[in-house]
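Trainee:
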Amino acid sequence: MYWEKDIETMGREKLAALQLEKLKETLIKAKRSVYYEKLFQKIGLNADRVTGLDMIQEIPFTTKEDLREHWPYGFVAVSKDELIRMHSSSGTTGRATVIFHTAGDIEKWTNLVARSMYMAGMRKGDVFQNMMSYGLFTGGLGFHYAAEKVGALVIPAGAGNSKRQIQLMRDFETTVIHIIPSYALHLSTVFEEMAVDPRKDTKLRIAFLGAEPHSEKMRRKIEDIYGFKGFNSYGLSEMNGPGVSFECTYQNGMHIWEDQFFVEIINPKTLKRVPDGEEGELVLTTLVREGMPIIRYRTKDLTRILPGPCECGRTHRRIERIKGRTDDMMILKGVNIFPIQIEKKLMGIPGVGINFQIILEREGYNDYLTVKVEVQKEFFAGDLKQLEGLRHRIVEELKSDILITPKVSLVEPGRLPKSEGKAVRVIDNRKE
Ligand code: ADP
Ligand code: ZN
Numbered sequence: 006m007y008w009e010k011d012i013e014t015m016g017r018e019k020l021a022a023l024q025l026e027k028l029k030e031t032l033i034k035a036k037r038s039v040y041y042e043k044l045f046q047k048i049g050l051n052a053d054r055v056t057g058l059d060m061i062q063e064i065p066f067t068t069k070e071d072l073r074e075h076w077p078y079g080f081v082a083v084s085k086d087e088l089i090r091m092h093s094s095s096g097t098t099g100r101a102t103v104i105f106h107t108a109g110d111i112e113k114w115t116n117l118v119a120r121s122m123y124m125a126g127m128r129k130g131d132v133f134q135n136m137m138s139y140g141l142f143t144g145g146l147g148f149h150y151a152a153e154k155v156g157a158l159v160i161p162a163g164a165g166n167s168k169r170q171i172q173l174m175r176d177f178e179t180t181v182i183h184i185i186p187s188y189a190l191h192l193s194t195v196f197e198e199m200a201v202d203p204r205k206d207t208k209l210r211i212a213f214l215g216a217e218p219h220s221e222k223m224r225r226k227i228e229d230i231y232g233f234k235g236f237n238s239y240g241l242s243e244m245n246g247p248g249v250s251f252e253c254t255y256q257n258g259m260h261i262w263e264d265q266f267f268v269e270i271i272n273p274k275t276l277k278r279v280p281d282g283e284e285g286e287l288v289l290t291t292l293v294r295e296g297m298p299i300i301r302y303r304t305k306d307l308t309r310i311l312p313g314p315c316e317c318g319r320t321h322r323r324i325e326r327i328k329g330r331t332d333d334m335m336i337l338k339g340v341n342i343f344p345i346q347i348e349k350k351l352m353g354i355p356g357v358g359i360n361f362q363i364i365l366e367r368e369g370y371n372d373y374l375t376v377k378v379e380v381q382k383e384f385f386a387g388d389l390k391q392l393e394g395l396r397h398r399i400v401e402e403l404k405s406d407i408l409i410t411p412k413v414s415l416v417e418p419g420r421l422p423k424s425e426g427k428a429v430r431v432i433d434n435r436k437e
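Its first residue numbered 6, the sequence shown is counted upward by one per residue in the working numbering.
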């Protein structure tokens, strides 16, 4: 049931002691990088004098901008010939950041993802089809080596090429996949076109769903279509990639691996820590990385710690599914809105299809929000009143949550742009 029982079920006190020891080691290592050497000198930090985990709060945060400014080697803490792999972020919000790993880093990362996959129930004997892009993106290779370590037969399918993906699943009886949630929905339409029923005609039993925010309703919708269990998988390239935080079989929040990451949640405005249970920005510190240690990294991802223990017996705390990035927040008429609020509502309305897009526009001093929604084909064939009824319902349901009245336009399935990578949900046409 556990990949590494001692670590996964370690008592909280012992875990804290381990973290303190690893934190001190990390500070000593980090000081060998150009960036932290300067920073520690500036704040007068001496790793030997760190006697408690709370003292980490005296160290300033590291941001994506810091990584960009000290690109490419400013954070590297070992001699360059120790590095064996480079990865980069997807560049969703600007210039991509690069991360370098030593052989030891790769080994530890691989083990962490293996631990996560095993936790969800993947075993030797499974056939694992990795439908993430291979290359600089961490979702490909990160999962690949871990699945081999678990002992699964790995099909390195990569992203896209939907028909071939389905063919591979059928020919080689794939049991486990790794897929971006919005792509899983898109792929279901290709299954339909090919007249293949994923529930009956495949052996799929587990899916790792990650790389982009998705609601519980969307997960359930995907699970219903495919008949597998979908596990939320969270990670970011700055913290290796996948394997930071993962759901166990209770599917109630994601365990965050505290033997390798020190976790804080802060209020993104005041930058002060918030107590467990309260929502805020996730801040992470690598505890075992050698090539490129990062201290108090502001992920910009919003979540909260779920208080209380998990029934699975693991002691590493759980975070709630990610609500979005602070950058994703739309401010309209003084109201803060996240794309996931819209997604959650839409996924709960019968008749709504699998894709949607949010468009922001400005006229004079007013901002307008339009939601384009794909709805099932039948609505366009029959009585237009039905279509109008559905449109009206969507407007009302969205309004009840986001508190402003959106414009809603309904389109036929397949009309909105689809993506094989992370979905682009928001088009902002407002001028500065
Ligand atoms: P980029 O930050 O450029 O997109 P990454 O490939 O490193 O590059 O992506 C990491 C980010 O993807 C995370 O910070 C988070 O915003 C998002 N993400 C990853 N996994 C999940 C998940 N399971 N749920 C929500 N968001 C996720
Ligand atoms: Zn659990």
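Beta carbons: idealized from backbone N, C-alpha and C, even for Gly.
1) Is it the case that the CB of R319 approaches a heavy atom of ligand 2 more closely than 6 Å?
2) Nearest CA to the CA of G163: which residue from R204, F142, S121 and T180?
3) Locate the alpha helix (DSSP H) running through P203, then write down its first and last residues.
4) Just how far apart, CA to CA, sit V249 and H149?
5) Helix or strand or just coil, what does DSSP make of R175?
6) Over what stretch of residues does the alpha helix (DSSP H) that includes D406 continue unbroken?
7) DSSP puts V431 in a beta bridge; with which residues?
8) Are the region 196 to 205 and the region 329 to 341 in contact at 8 Å, needing three or more beta carbon pairs?
9) Could you spell out the range, first to last residue, of the alpha helix (DSSP H) harbouring Q24?
10) Quick one: does the C-beta of L287 sit closer than 6 Å to a heavy atom of ligand 1?
11) If you drop the 5 nearest sequence neighbours on each side, which residues of the same chain put their C-beta closer than 6 Å to that of Y7?
12) Shortest alpha-carbon distance to G232 belongs to which of A212, E217, I104 and M244?
13) Three-state secondary structure (DSSP) at M223?
14) So, for R319: in the same chain, excluding its five sequence neighbours on each side, which residues have a beta-carbon less than 7 Å away from its beta-carbon?
15) With a threshold of 6 Å, establish whether the CB of Y255 neighbours any heavy atom of ligand 2.
16) What are the boundary residues of the alpha helix (DSSP H) that includes M259?
17) Cβ of E243 within 7 Å of Cβ of I299?
18) Nearest to L395 by alpha carbon, out of P355, E283, E368 and L44?
19) Does S242 come out as helix, strand or coil in the three-state DSSP assignment?
20) Below 8 Å CB to CB, which residues in the same chain sit around L209 once its five sequence neighbours on both sides are set aside?
21) Identify every residue that forms a DSSP beta bridge with M91.
22) Using a threshold of 6 Å, is the CB atom of G96 nearer than that to any non-hydrogen atom of ligand 1?
23) Output the boundary residues of the alpha helix (DSSP H) element that contains H191.
Mentor: The short version:
1) Yes, since a heavy atom of ligand 2 falls inside the 6 Å radius drawn around the Cβ of R319.
2) F142
3) P203 to D206
4) 16 Å
5) helix
6) First-last of the alpha helix (DSSP H) with D406: L389 to I407.
7) Its beta-bridge partners are I363.
8) Cβ pair count under 8 Å is below three, so no.
9) R17 to A35
10) no
11) E13
12) Selected option, being the one with the closest Cα: A212.
13) helix
14) Within the same chain, E13, T14, C253 and H260 come within 7 Å of R319 by CB-CB distance, once the 5 residues on both sides are set aside.
15) At least one heavy atom of ligand 2 is found less than 6 Å from the C-beta of Y255.
16) Taken as a continuous stretch (DSSP letters only), M259 belongs to no alpha helix (DSSP H), being part of the beta strand (DSSP E) at M259 to I261.
17) For the 7 Å CB-CB criterion, E243 and I299 form a contact.
18) Answer by Cα proximity: P355.
19) DSSP places S242 within a helical segment (H, G or I) once states are collapsed to three.
20) M174, T179, T180, V181, I182, P203, Y231, G232 and F233
21) F105
22) yes
23) P186 to E198
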